[in-house]
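Protein chains in written order, with the numbering used here: chain A, 22 to 138; chain B, 3 to 113. Glycine included, each C-beta is placed from N, C-alpha and C at the ideal position. What follows is a set of notes on a single structure, which appears directly below.
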């Protein structure tokens with residue numbers, strides 16, 4: 022399968038600071054990248070959809086000014102959590118999608134565990 | 003009604019048995035269907051996908067799709083303790099590349 026990397030794998034930051042998470046598709050060009058958040062023992066929650074060269078589309082209830090997404094190339098998307106607060110502590114997972122034989126396949130990165138103190 | 007529904011479980015099966023995981027979806031226009039496995043504390047891993055009615059086999063895994071009943075399932079033969087995880091059903095709707103996920107079924111394979 023296709024490989025997606027995320028960096029960092031975990032990060033601890035102080036309340037009020039910003040954190041940037043990188044998502045890379047290593048062996049394919051991703052038409053779209055997605056950002057999810059998952060709280061303990063809960064299901065995946067889609068935050069936003071990101072297409073290369075265009076503005077991200079945010080899901081209802083997700084603050085676009087707080088979660089800044091940049092998708093500068095077909096292999097790289099970044100999520101910046103601005104002015105992070107303890108309630109932003111979560112497992113952030115990106116995925117990358119590409120089209121093969123008319124179908125879109127989506128592969129996940131390993132995730133970034135964010136802890137805000 | 004949720005768009006993609008799964009029984010949260012836990013589903014417990016003995017080692018060596020067949021585990022059957024089920025998923026229903028509401029959008030009749032859905033075109034492709036995915037099963038992901040997620041271990042605790044890890045990100046989801048794609049197991050297999052299916053888009054035609056019938057069965058699709060890959061090793062110990064078989065996906066089954068019935069579009070008329072809006073039902074997709076995953077069978078795991080010869081279940082192993084290492085199969086213990088949460089299994090997520092995901093459905094591609096609207097013809098785009100966005101997936102709608104179920105809440106997952108927790109599978110426990112017991113020795």
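Contact with chain B by residue i, beta-carbon distance below 8 angstroms
i	result
residue 73/A	no
residue 81/A	no
residue 126/A	yes
residue 131/A	yes
Residue i at chain A interface by Cβ criterion, 8 angstroms
i	result
residue 9/B	no
residue 69/B	no
residue 94/B	yes
residue 107/B	no
residue 46/B	yes
residue 24/B	no
residue 53/B	yes
residue 100/B	yes
Residue i (DSSP reduced to helix, strand or coil)
i	result
residue 84/B	helix
residue 17/B	coil
residue 109/A	helix
residue 30/B	coil
residue 53/B	coil
residue 32/A	strand
residue 35/B	strand
residue 99/B	coil
residue 69/A	strand
residue 125/A	strand
Proximity of residue i and residue j at Cβ, strictly below 8 angstroms
i	j	result
residue 125/A	residue 118/A	yes
residue 63/B	residue 76/B	yes
residue 30/A	residue 107/A	no
residue 18/B	residue 84/B	no
residue 138/A	residue 36/A	yes
residue 88/B	residue 66/B	no
residue 110/A	residue 135/A	yes
residue 96/A	residue 39/A	no
residue 129/A	residue 45/B	yes
residue 81/A	residue 101/B	no
Among the options, the one whose alpha carbon lies nearest that of residue i
i	options	result
residue 8/B	103/B, 112/B, 40/B and 113/B	103/B
residue 113/A	122/A, 120/A and 101/A	101/A
residue 33/B	79/B, 56/B, 98/B and 17/B	98/B
residue 42/A	49/A, 90/A, 106/A and 60/A	90/A
residue 106/B	29/B, 55/B, 57/B and 93/B	93/B
residue 121/A	71/A, 69/A and 51/A	51/A
residue 79/B	101/B, 29/B, 15/B and 10/B	15/B
residue 105/A	76/A, 88/A and 57/A	88/A
- prompt: Of all the residues that make up the stretch 104-119 of chain A, which are near chain B by a beta-carbon distance shorter than 7 angstroms?
  reply: 114 and 118
- prompt: In chain order, what residues of the stretch 57-82 of chain B put their CB closer than 7 angstroms to some CB of chain A?
  reply: none
query: What residues in the stretch 41-75 of chain A have a beta carbon less than 8 angstroms from any beta carbon of chain B?
result: 52, 53, 55, 64, 65, 67 and 70
message: Tell me which residues of the stretch 26-39 of chain B have at least one Cβ-Cβ distance to chain A shorter than 8 angstroms, keeping chain order.
response: 33, 34, 36 and 38
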